[in-house]
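*Asks:* Here it is: the structure, laid out below.
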Amino acid sequence: MVEVRDFREMGEALGDACAVLRSNAVVAGLDAEVPTCPGWTVRDLVAHQGLVHRWAAAYIARTGRPAPDAIVLAEADAAPDLLDWFDEGMVTLLNAVAAAPADLDVKFFLPDAPPPRDAWLRRQVHETSIHAADAMAARLGRPPRGDELWVSPGLAADGVDEVLTGFLVKRRPETDLPGPRSVLFTATDAHRAWWVNLTHDGALTTRVDGEAPEADVTVSGTARELYLTVWNRGRAATASDPGLWDEWAERVKVTWS
Numbered sequence: 001m002v003e004v005r006d007f008r009e010m011g012e013a014l015g016d017a018c019a020v021l022r023s024n025a026v027v028a029g030l031d032a033e034v035p036t037c038p039g040w041t042v043r044d045l046v047a048h049q050g051l052v053h054r055w056a057a058a059y060i061a062r063t064g065r066p067a068p069d070a071i072v073l074a075e076a077d078a079a080p081d082l083l084d085w086f087d088e089g090m091v092t093l094l095n096a097v098a099a100a101p102a103d104l105d106v107k108f109f110l111p112d113a114p115p116p117r118d119a120w121l122r123r124q125v126h127e128t129s130i131h132a133a134d135a136m137a138a139r140l141g142r143p144p145r146g147d148e149l150w151v152s153p154g155l156a157a158d159g160v161d162e163v164l165t166g167f168l169v170k171r172r173p174e175t176d177l178p179g180p181r182s183v184l185f186t187a188t189d190a191h192r193a194w195w196v197n198l199t200h201d202g203a204l205t206t207r208v209d210g211e212a213p214e215a216d217v218t219v220s221g222t223a224r225e226l227y228l229t230v231w232n233r234g235r236a237a238t239a240s241d242p243g244l245w246d247e248w249a250e251r252v253k254v255t256w257s
């Protein structure tokens with residue numbers, strides 16, 4: 001069963017991720033390239049995240065259909081200060097989340113997720129945290145290491161869980177996966193593990209509680225290392241078959257559409 005993390009803690013995590021994204025964007029500069037998002041500059045990254053925050057805020061607050069992407073991105077392009085525009089979206093999102101009732105009745109798109117209010121907050125925490133890591137990459141000129149991340153092992157493990165039990169399982173059966181094979185993912189510092197069975201029909205993920213079953217491939221690393229790796233931000237986690245990561249990068253992608 002999915003862990004429902006503390007609502008206040010997750011709200012603070014969202015604010016922290018926004019602060020990290022913003023501060024790294026300032027240091028890197030809006031015209032800097034983002035190594036972890038080929039073809040993007042920091043300007044593109046900030047505009048994208050501001051777009052997602054506004055979309056999520058409108059959906060959570062149920063204020064009507066979110067504005068089309070093109071309109072929001074044009075607004076970002078016209079903003080006198082893009083980072084101020086980003087801040088406005090962050091505040092709008094945080095206010096929408098804070099005002100949402102615990103029993104918020106909206107749809108959520110990933111399987112095995114917390115209740116909708118918590119699921120949407122969780123989604124925005126990890127969406128923003130990963131893009132904050134992208135802003136770090138722009139500043140550093142390389143993907144950040146796990147020990148350079150600000151997120152706690154518990155929060156990083158939660159982000160791994162969202163990928164393995166949500167995005168990976170939701171993929172259409174006709175979409176190629178890095179299989180057929182079974183893969184055991186272990187977060188060495190968070191006491192969390194996931195057994196993933198990849199087949200031609202899709203993926204099945206089981207959270208491991210106790211002795212782990214045998215697997216064709218084993219993957220291990222700190223929770224932060226796993227977090228970055230499953231989100232295709234470097235390859236800090238160690239796999240018994242290193243070729244897994246080539247297939248993973250090609251076939252396991254989360255995109256905005």
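Sequential numbering from 1 applies to the sequence shown in the UniProt record's numbering. By construction, the Cβ of each residue, glycine as well, lies at the ideal position given by its N, Cα and C atoms.
1) With respect to the alpha helix (DSSP H) encompassing THR229, which residues constitute its N-terminal and C-terminal limits?
2) Taking C-alpha atoms, which residue in ARG192, ASP105, VAL42 and ALA102 lies nearest to ASP77?
3) Comparing alpha-carbon positions, which option in GLY159, GLY179 and ASP134 lies nearest PRO38?
4) Going by DSSP in three states, GLU211 sits in which element: helix, strand or coil?
5) Answer yes or no: do SER220 and THR165 have a C-beta to C-beta separation smaller than 9 Å?
6) For GLU33, which beta-bridge partners are listed by DSSP?
7) Given residue 268, which residues of its chain have a CB within under 8 Å of its CB, disregarding the five upstream and five downstream residues?
8) Any idea which residues DSSP pairs ALA183 with across the strands?
9) Does the distance from the CB of ARG233 to the CB of ILE130 come in under 9 Å?
10) Return yes when the Cβ of ARG54 is within less than 9 Å of the Cβ of THR92, no when it is not.
11) Pick out whichever of LEU168, LEU104, GLU33 and VAL254 has its Cα sitting closest to the Cα of residue 339.
12) Just tell me which of PHE86, ASP87, HIS48 and TRP120 has its CA closest to the CA of ARG5.
13) I need the DSSP call for GLY202, collapsed to helix, strand or coil.
14) Drop a sphere of 10 angstroms on the beta-carbon of ASP158, count the other beta-carbons inside from all chains shown, and report buried for 16 or more, exposed for fewer.
15) How should GLY50 be labelled, buried or exposed, when 16 other C-beta atoms within 10 angstroms of its C-beta is the threshold for buried?
16) Is the region 107-123 close to the region 21-38, with three or more CB pairs under 8 Å?
17) Let me check understanding here. Comparing Cα to Cα, which of LEU149, ALA137, PRO178 and ALA212 lies closest to PRO242?
18) Look at the Cβ atom of ALA98, then the Cβ atom of GLY11, and state whether they are nearer than 9 Å.
19) Could you tell me the alpha carbon to alpha carbon distance between LEU192 and VAL208, rounded to whole angstroms?
20) Please identify the residue among GLY202, HIS200 and ASP31 whose C-alpha is closest to the C-alpha of GLY141.
21) What does a CB cutoff of less than 6 Å around TRP231 pick up in its chain, not counting 5 residues either side in sequence?
22) Could you check how far apart the C-beta atoms of LEU204 and VAL169 are, in whole angstroms? I think they sit under 8 Å.
23) What are the start and end residues of the alpha helix (DSSP H) that includes PHE109?
24) In chain order, what residues of the same chain lie with their CB nearer than 6 Å to the CB of THR206, ignoring the 5 residues before and after it?
25) By the three-class DSSP mapping on this structure, what secondary structure does THR63 have?
26) Give the C-beta separation of LEU82 and GLY146 to the nearest angstrom, bearing in mind that I take them to be a contact with Cβ-Cβ under 8 Å.
*Replies:* Put simply:
1) The residue given as residue 229 occupies position 229 in the sequence shown. Looking at the DSSP string, the run of the alpha helix (DSSP H) that includes THR229 is 223-230.
2) Position 77 of the sequence shown, counted from the start, is the residue given in the question as residue 77. Here the closest residue by C-alpha is VAL42.
3) For the purposes of this step, residue 38 is taken as residue 38 along the sequence shown, with counting starting at 1. Nearest of GLY159, GLY179 and ASP134 to PRO38, Cα basis: ASP134.
4) The residue given as residue 211 occupies position 211 in the sequence shown. Of the three classes helix, strand and coil, the one that applies to GLU211 here is coil, per DSSP.
5) Taking the sequence shown and counting its residues from 1, one reaches residue 220 at position 220. Taking the sequence shown and counting its residues from 1, one reaches residue 165 at position 165. In this structure, THR165 does not lie closer than 9 Å to SER220 by Cβ.
6) The residue given as residue 33 occupies position 33 in the sequence shown. GLU33 is bridged to THR41.
7) The structure shown does not extend to residue 268, since the chain is modelled only from 1 through 257, so no value can be given for it.
8) In the sequence shown, residue 183 corresponds to position 183, counting from 1. Contrary to the premise, residue 183 reads as Val rather than Ala in this sequence. Looking at the DSSP assignment, VAL183 forms a beta bridge with VAL196 and VAL217.
9) Looking up residue 233 in the sequence shown gives position 233. Looking up residue 130 in the sequence shown gives position 130. Contact flag set, yes.
10) Position 92 of the sequence shown, counted from the first residue, corresponds to residue 92. Position 54 of the sequence shown, counted from the first residue, corresponds to residue 54. Their beta carbons are under 9 Å apart, which means THR92 touches ARG54 by this criterion.
11) Shown here, the chain extends from 1 to 257; a query on residue 339 therefore has no answer.
12) Within the sequence shown, the letter at position 5 stands for residue 5. It is TRP120 whose Cα lies nearest to the Cα of ARG5.
13) As a first step, residue 202 must be located in the sequence shown, where it is residue number 202. Strand at GLY202.
14) For the purposes of this step, residue 158 is taken as the residue at position 158 of the sequence shown. ASP158 should be labelled buried.
15) Your numbering for residue 50 matches position 50 in the sequence shown. It is buried - the Cβ of GLY50 has at least 16 other Cβ atoms within 10 Å.
16) no
17) Here residue 242 refers to the residue found at position 242 of the sequence shown. Of the candidates LEU149, ALA137, PRO178 and ALA212, the one whose C-alpha sits nearest the C-alpha of PRO242 is PRO178.
18) Along the sequence shown, read from residue 1 onward, the residue named residue 98 stands at position 98. Along the sequence shown, read from residue 1 onward, the residue named residue 11 stands at position 11. Result yes, Cβ atoms of ALA98 and GLY11 sit closer than 9 Å.
19) Sequence index remark: in the sequence shown, residue 192 carries index 192 (1-based). Sequence index remark: in the sequence shown, residue 208 carries index 208 (1-based). Looking at the sequence itself, residue 192 is Arg, so the reference to Leu does not match. Spanning the two alpha carbons is a distance of roughly 7 Å.
20) Start at 1 with the first residue of the sequence shown, and residue 141 comes out as number 141. When only C-alpha atoms are compared, the closest one is ASP31.
21) Here the question's residue 231 lines up with position 231 in the sequence shown. Correct list, in chain order: ILE130.
22) Counting from one through the sequence shown, the residue named residue 204 turns up at place 204. Counting from one through the sequence shown, the residue named residue 169 turns up at place 169. About 7 Å; that satisfies the 8 Å criterion.
23) As a first step, residue 109 must be located in the sequence shown, where it is residue number 109. Careful: PHE109 lies outside any alpha helix (DSSP H) and carries neither H nor E.
24) The count along the sequence shown starts at 1 and reaches residue 206 at position 206. Closer than 6 Å at Cβ, skipping near neighbours: TRP195.
25) Taking the sequence shown and counting its residues from 1, the one referred to as residue 63 is at position 63. The answer is coil: DSSP assigns THR63 none of H, G, I, E or B.
26) Here residue 82 refers to the residue found at position 82 when the sequence shown is read from its first residue. Here residue 146 refers to the residue found at position 146 when the sequence shown is read from its first residue. Wrong, their Cβ atoms sit about 29 Å apart, outside the cutoff.
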